[in-house]
Structure formats: C-alpha cells, structure tokens
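Heads up, the thing below is written out as structure tokens.
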Amino acid sequence: MKKNIDVIISKEQIEKRILELAEEISRFYKGRELIMVCILKGAVIFFGELAKNITAAVKMDFMRVSSYGSRGSTSGNIMIVKDLELDIADKDVLIVEDIVDTGLTLKTLIGVLLARRPASLKVCCLLDKPSRHKADILPDFIGFSIEDRFVVGYGLDFDEKYRNLPFIGAVKN
Ligand code: 5GP
C-alpha cells in the first residue's frame, strides 16, 4: 500500500458491491442485450470487473470525453476525444462512469447519446458525490455515495497516477 494514501473503500468492499450491482443490472436487463459504454479512462477497472459478473448479453464499447473546464470547475462543455464504434440506435445502453461529481459532464454526455436514439439509456457509476451535484441527474445504479473528497484508485487518477490501486483512497495533504 502507498503510504501517502488513506484507504477510504477497501478492495473487498468494492468487489462485494460490484457483485451486488452486477446482479441488479443482470436482473434489470434479463433476456435483453445491452451495450455497456466504458467512459475512459477512469471507469476502466470498474467496467471490467462489472462486465464479467453480468449475466445478460453484453456488447462493449468505449468513449473518451474531455471537459473544457479545469479540474474543480467542470463546465459541462465536453469534447469527444474517442467516440463509440457501435451504432446505439434502438439498443439498450448502459453508461459506466467512474465518479459523478457535479454531474455536468454526465448530463452533457447523456444528451449526446440520447440524440442517437437508443431504446434506453441508463447510467451506472462506481462513486457518487451527492453534495456536489449541480446537474439534475441521478445515476440509475450507484456503487458508493461518498463525501466531498478528492479520491484516487480503482481507475481514478491524480495526475495520471494511482489508477491501478485496487482500492479507493484519498491523497494525504
Ligand atoms: P463532473 O462533471 O461530474 O463534475 O466531473 C466528473 C469527472 O471529474 C469524473 O469523471 C472524473 O474524471 C473527475 N472527478 C471528479 N471527482 C473526482 C475525484 O474525486 N477524483 C478523481 N480522480 N477524479 C474526479
């Protein structure tokens, strides 16, 4: 374990919660095929762990968006750096996100994907910071609600570091 990181959610807690989420999602999409959309890079570890425990038929695709505002001042203006390869029209689509902070990025992303006329569009996030929400969106499946603290690990970075930590932690000041 890195000594400058406080563990906030352990590997075991995350793995247990992902199994519960996968069960919930499998039940919801039972008998249907869904396209899971991984929002790069932060969701990548969560996405893999979640997908392998879902029993409904799954197709995977990947998208990377960048926000115009600097960290801490998300504006909701996004640029699509890497777009989907699959056509999502008339498909059941599940966006898989790392964390919802203000929710502005997600709100814009939802608008972009809804314009492509999916049959349904839902959102699953590993972490949610409800006290920071500015956009009127609520993820359909949430791993953990956390307080307003900058977290790293399990895909989340600080300056591109710490993504491979198997737990969620906070960098000590
Ligand atoms: P939002 O538009 O919801 O304010 O911003 C969401 C994005 O900001 C996330 O996808 C993530 O990239 C970044 N972000 C928000 N909070 C955190 C955090 O605590 N840790 C890290 N590493 N990224 C965060």
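Take 15 as the starting number for the sequence shown in my numbering and just add one per residue. Note that CB positions come from ideal geometry on N, CA and C, so glycine has one too. Nothing here was measured: the structure is a model prediction, and the numbers come from that model.
query, result
"8 Å contact criterion, which residue 120 and residue 151 should meet: CB distance rounded", "6 Å"
"C-alpha gap between residue 63 and residue 145, whole angstroms", "27 Å"
"Segment contact, 8 Å Cβ cut-off, at least three pairs: the region 69 to 76 with the region 31 to 51", "yes"
"Residue 156 CB to nearest heavy atom of the ligand 5GP below 8 Å", "no"
"Cβ-based burial, residue 114 [other Cβ within 10 Å; buried from 16]", "buried"
"The beta strand (DSSP E) enclosing residue 164, as first and last residue numbers", "From DSSP, residue 164 is part of no beta strand (DSSP E); its letter is neither H nor E."
"Neighbour-count burial assignment, residue 37, 16 or more Cβ in a 10 Å radius", "exposed"
"Close-in-space but distant-in-sequence residues of the same chain around residue 105 (CB under 7 Å, 5 per side omitted)", "49, 132, 133"
"Any non-hydrogen atom of the ligand 5GP closer than 8 Å to residue 125 Cβ", "no"
"Alpha helix (DSSP H) runs contained entirely in the region 41 to 128, provided each spans 4 or more residues", "58 to 65, 118 to 128"
"beta-carbon residue 81 near the ligand 5GP non-hydrogen atom, thresh 8 Å", "yes"
"Of the residues 183, 176, 90, 79, the one placed nearest residue 147, counting alpha carbons only", "90"
"Near the ligand 5GP: residue 150 beta-carbon under 8 Å from a heavy atom", "no"
"Among 39, 172, 181, 173, the one whose alpha carbon lies nearest that of residue 59", "181"
"Near the ligand 5GP: residue 143 beta-carbon under 8 Å from a heavy atom", "yes"
"Closer than 8 Å: residue 170 CB and nearest the ligand 5GP heavy atom", "yes"
"Neighbour-count burial assignment, residue 111, 16 or more Cβ in a 10 Å radius", "buried"
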